[in-house]
Amino acid sequence: MSHHRVYGTSAHTASDLVELVTACLGMAFAERESDYRGVYHVADGGGVRIEIQPNKIPWDCGEEELYDLEHPAAQVLVLTTTRGPDLTLQACLDSIEELMLLSHESV
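Counted from 1, the sequence shown has number 37 at position 36 by my numbering; the numbering is strictly sequential.
This is the structure we're talking about:
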């Protein structure tokens, strides 16, 4: 069973969160860019995938669209996928001030 969590914040930039999560978990992030998601950061390892990205995705026409429509106030999102409950990851993300759990799904 996979566990998917979405966290959000307006207090930190994506770069800030990369540094905070790296310091807490020791995972290395790679920067990626896509037309659909803009510039985002990914860390993979040990059954854990973490993606940090802006919620507003810029389009070529100059418009922006929200990645997570249900949480427009969140400027930056942290998306996690784990094979099962990961208490270490949850404790790390819960310890970051003004980073809030927005949704959780187990499939």
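Glycine included, every Cβ here is placed at the ideal spot set by N, Cα and C.
Here the structure is a predicted model, which is why all the values come from computation and not from measurement.
- Judged by their CB atoms, E52 and Y68 are not nearer to each other than the 8 Å cut-off.
- Taking a contact to require three or more Cβ pairs closer than 8 Å, the region 6-13 and the region 22-34 do not qualify as touching.
- Residue nearest to T82 within the set V19, G48, K57 is G48 (criterion: CA-CA distance).
- By the C-beta density criterion, P55 is buried, having at least 16 other C-beta atoms within 10 angstroms.
- Linking E71 to V22 through their CA atoms gives a straight-line distance of about 24 Å.
- Residue state for D69 is assigned as coil, using DSSP reduced to three classes.
- About 11 Å separates the Cβ atoms of E65 and P73, ruling out a contact at the 8 Å cut-off.
- For L102, the beta-bridge partners assigned by DSSP are Y8.
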